[in-house]
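Undergrad: Supplied in structure tokens, the structure appears directly below.
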Amino acid sequence: MLIIRTAFKNIIGAGRATRLNIAVLSFVLVIMTAYNGMLDGWIAESRRDTIDWDAGWSQLWHPNYDKYDIFTLPDAHGKIPIQIDNALQAGMATPVLVIQASVYPQGRMLNIQLKGIDPEQQILKIPSLSLHSAGGETPVVIGKRMAATTNLKKGDRVMLRWRDRNGVFDAREVQVAAIFETTVGSADAGQMW
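The numbering of the sequence shown is our numbering, which starts it at 9 and goes up by one.
Shown next as structure tokens:
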């Protein structure tokens, strides 16, 4: 009790400077705690969104693929192993075929990644049910950022060009079947599904 009384007398006796220091330090500690809580929330949200929109619960990549070297993409393809095929049949996994492509909106050329996904998949939040072909059309699904970059709207048609497995260019006019909104850039920016 003596220590508390002495500390209180020192604080009161020291005047405004001490009370100002206490107020500023208290304010800074509250702001630091709130800011750390906000950052933790953002990190948790980005982790959840990445799982929902891009990665699922994990990703298995071809051994020849290097995420940081785009030139490895054409050689990174092969048969799906039996163990993974069993997970595909059970609906616990979904394959995504990724190739480089070019899209030509309004006479401009834009390099993109064309991602092939099963329209019936339920793992990612990509609106893949919109990919069912209707009347001979080839549907694609794009994100809101990609739609803004290319100035495309739902129902618009655009020319898409890619290389097939033999290295020969193939092109087709595709129709935007749906535009989705996500906070995950790797599922949206520069991507067509």
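For glycine and all other residues, C-beta sits at the position ideal for the given N, C-alpha and C.
Using the three-state DSSP reduction, which class does P147 fall into: helix, strand or coil?
TA: Counted from its first residue, the sequence shown places residue 147 at position 139. In the structure shown, P147 sits in a strand (DSSP, three-state: E or B).
Undergrad: Within this structure, are the beta carbons of I120 and G45 separated by less than 7 Å?
TA: On the sequence shown, residue 120 is found 112 positions in, with the first residue counted as 1. On the sequence shown, residue 45 is found 37 positions in, with the first residue counted as 1. No, the pair does not count as a contact, with Cβ atoms beyond the cut-off.
Undergrad: Anyone know if the C-beta pair for G64 and I150 falls short of 7 Å?
TA: Position 56 of the sequence shown, counted from the first residue, corresponds to residue 64. Position 142 of the sequence shown, counted from the first residue, corresponds to residue 150. For G64 and I150, no; Cβs fall outside 7 Å.
Undergrad: Could you tell me the distance, in whole angstroms, from the CA atom of T191 to the CA atom of V106?
TA: For the purposes of this step, residue 191 is taken as the residue at position 183 of the sequence shown. For the purposes of this step, residue 106 is taken as the residue at position 98 of the sequence shown. Going from the Cα of T191 to the Cα of V106 covers about 20 Å.
Undergrad: Taking only three categories from DSSP, how would you classify Q97?
TA: Mapped onto the sequence shown, residue 97 falls at position 89. Q97 falls in the helix class under three-state DSSP.
Undergrad: Please check the pair Q108 and L81, which I expect to be a contact at CB under 8 Å, by giving their CB distance rounded to whole angstroms.
TA: As a working mapping, residue 108 is identified with position 100 in the sequence shown. As a working mapping, residue 81 is identified with position 73 in the sequence shown. That belief holds up - the Cβ atoms of Q108 and L81 are roughly 6 Å apart, short of 8 Å.
Undergrad: Helix or strand or just coil, what does DSSP make of E6?
TA: Here the chain covers residues 9 to 201 and nothing more, so residue 6 does not appear.
Undergrad: Just reading off the alpha helix (DSSP H) that K123 is part of, what are its end residues?
TA: Along the sequence shown, one-based indexing puts residue 123 at 115. First-last for K123: 118-125, but that is the beta strand (DSSP E), not the alpha helix (DSSP H).
Undergrad: Less than 7 Å separating the beta-carbons of D164 and W170?
TA: Your numbering for residue 164 matches position 156 in the sequence shown. Your numbering for residue 170 matches position 162 in the sequence shown. No. Outside cutoff.
Undergrad: Quick check on the burial criterion: 16 or more other C-beta atoms within 10 angstroms. Buried or exposed for A22?
TA: Position 14 of the sequence shown, counted from the first residue, corresponds to residue 22. A22 is exposed by the Cβ-count criterion.
Undergrad: Considering Cα atoms alone, identify which of S66, W201, N174, E128 is closest to L122.
TA: By 1-based counting over the sequence shown, the position of residue 122 is 114. Minimum Cα distance to L122 is reached at W201.
Undergrad: Grab the span of the beta strand (DSSP E) containing L105 for me, first residue to last.
TA: In the sequence shown, residue 105 corresponds to position 97, counting from 1. Residues 104-112.
Undergrad: Go ahead and label E101 buried or exposed: buried means 16 or more other beta carbons lie within 10 angstroms of its beta carbon, across all protein chains shown.
TA: Position 93 of the sequence shown, counted from the start, is the residue given in the question as residue 101. Looking at the sequence itself, residue 101 is Ala, so the reference to Glu does not match. Buried, because 16 or more other Cβ atoms sit within 10 Å of the Cβ of A101.
Undergrad: Between A3 and P71, what straight-line distance do the alpha-carbon atoms span, to the nearest angstrom?
TA: A question about residue 3 goes unanswered here, because the residues of the chain that appear run from 9 up to 201.
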